[in-house]
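Worksheet for the structure shown next.
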């Protein structure tokens, strides 16, 4: 079924996940077993949910549009360096997805903890939870970086067919990229933790803006290196590692001052209270 099959599989898996979670709650967690008396429509909560959902959807849209634009630059490089660079980029993209997922989920866990304690007014636990979450993010990034440095070749080989005529070149490009990225995963670990903070306090506008700036910085950096400065043959696949770095630097430069202001206002108000 091709692409349609991939889309259908994704939708079905998400649906089944929701059904199984609902059944588990119904059978195993009585306190969360909601009856008909709980089925009440709250207009205020509905508006809040829609607002948060829309912002989250826009954030994902920005991310995917940025990835499509990066792919178009990869295709330009492919016309210069050959199809192996495109195959290598597609392979390392999968590695990146696996690498980022735990960082994103640590950030989601931070969001839940921070949101619950923000609602309860427990600022001390928010502060402690944020610190511990950032520590976990950075520890994971250090472990991931070590794995990338010492096991890059076998990792990239998992995503390259040995029957491919360009397999050796693809693995060489991919190994080079993963070695480089091993030093950079600390930065998205930090940004995911910071985004967890802003989602936790309900300020999704910051997460949307920071993702937008990240993708603009990444796409602009890649375009400049490939189309303006013509560094394709010099940097090869490293162009996209440098582009990632540029996007993350822009993102951190935007988020950190806002994080400082947010935490200072929140905890100063708490201390005075």
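Numbering (the numbering used here), first residue to last: 1151 to 1423. All residues carry an ideal CB built from backbone N, CA and C; glycine is no exception. From a predicted model like this one, the values you see are computed outputs, not experimental measurements.
Of the choices the options, whose alpha-carbon is the least far from that of residue i?
i            : options                   : result
residue 1337 : 1388, 1381 and 1285       : 1285
residue 1371 : 1177, 1353 and 1391       : 1391
residue 1351 : 1183, 1262 and 1386       : 1262
residue 1118 : 1353, 1215, 1271 and 1235 : Residue 1118 is absent from the model: the chain starts at 1151 and stops at 1423.
residue 1387 : 1204, 1195, 1181 and 1232 : 1232
residue 1378 : 1226, 1207 and 1202       : 1226
residue 1402 : 1287, 1206 and 1364       : 1364
residue 1395 : 1368, 1413, 1407 and 1410 : 1368
residue 1326 : 1312, 1265, 1389 and 1374 : 1389
residue 1209 : 1397, 1361 and 1159       : 1361
residue 1300 : 1287, 1332, 1318 and 1282 : 1332
residue 1404 : 1193, 1345 and 1414       : 1345
residue 1381 : 1408, 1182 and 1224       : 1224
residue 1243 : 1400, 1412 and 1308       : 1308
residue 1375 : 1161, 1155, 1220 and 1152 : 1220
residue 1230 : 1383, 1207 and 1162       : 1383
residue 1256 : 1196, 1313, 1283 and 1197 : 1283
residue 1411 : 1353, 1154 and 1319       : 1353
residue 1413 : 1172, 1278 and 1313       : 1278
residue 1366 : 1213, 1407, 1385 and 1201 : 1213
Verify whether the separation of the beta carbon atoms of residue i and residue j is less than 8 Å.
i            : j            : result
residue 1329 : residue 1359 : no
residue 1339 : residue 1290 : yes
residue 1238 : residue 1323 : yes
residue 1199 : residue 1355 : no
residue 1292 : residue 1280 : no
residue 1398 : residue 1260 : no
residue 1310 : residue 1321 : yes
residue 1245 : residue 1179 : no
residue 1176 : residue 1187 : no
residue 1158 : residue 1151 : yes
Report all residues from its chain with a CB closer than 8 Å to the CB of residue i; omit the five preceding and five following residues, and keep chain order.
i            : result
residue 1273 : 1267, 1416, 1417 and 1420
Applying the criterion that 16 or more other CB atoms from any shown protein chain within 10 Å of the CB defines a buried residue, is residue i buried or exposed?
i            : result
residue 1342 : buried
residue 1253 : buried
residue 1251 : exposed
residue 1194 : exposed
residue 1155 : exposed
Spatial neighbours of residue i within its chain, please: CB distance less than 7 Å, with the 5 preceding and 5 following residues excluded, ordered by chain position.
i            : result
residue 1275 : 1267
residue 1294 : 1249 and 1335
Cutting at 6 Å between CB atoms, please list the residues of its own chain near residue i, excluding the five before and the five after it.
i            : result
residue 1288 : 1339
residue 1393 : 1368, 1371 and 1372
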